[in-house]
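**Q** Take a look at the following structure, please.
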Amino acid sequence: MFDKEKIEMDLITEMYSMPGQNFNVKILYKEKDSKLVKSINYSTFDSPPYFPRINRFFEFCVSRMPMLEFIDYHATETSQPILRYLENIEKEFTIH
70 MFDKEKIEMD LITEMYSMPG QNFNVKILYK EKDSKLVKSI NYSTFDSPPY
120 FPRINRFFEF CVSRMPMLEF IDYHATETSQ PILRYLENIE KEFTIH
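According to the working numbering, the sequence shown is numbered sequentially starting from 70.
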């Protein structure tokens, strides 16, 4: 009756086509036996309010780094350009 895979793909396509903005992201985590909260900070382009790219990276961290306890993430809009979307990036950096 319903094609679940098609519906999922349509939803994913729609989420990724939503207008995006640049964000500074802070992912909070701690080591399993520690009370000290640390953070991973990075900038990215994503689409509010669902943040599919940020959520996917957060879920990747949770699944691939079981020795850490991931707490939450915070996304703050920024007007600063982010590295991925700067022009002439291949001319500014050499990848060996």
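All residues carry an ideal CB built from backbone N, CA and C; glycine is no exception.
Ends of the beta strand (DSSP E) at I140?
**A** L137 to E146
**Q** Could you check what DSSP says for S132 in three-state terms: helix, strand or coil?
**A** The three-state reading of DSSP puts S132 in helix, counting H, G and I together.
**Q** In whole angstroms, what is the alpha-carbon distance linking K99 and I123?
**A** 19 Å
**Q** Taking the C-alpha atoms as reference points, what is the distance between S116 and K101?
**A** 31 Å
**Q** To the nearest angstrom, how far is the alpha carbon of I151 from that of T145?
**A** 13 Å
**Q** Taking Cβ positions, are N91 and F114 nearer each other than 8 Å?
**A** Going by C-beta atoms, N91 is nearer than 8 Å to F114.
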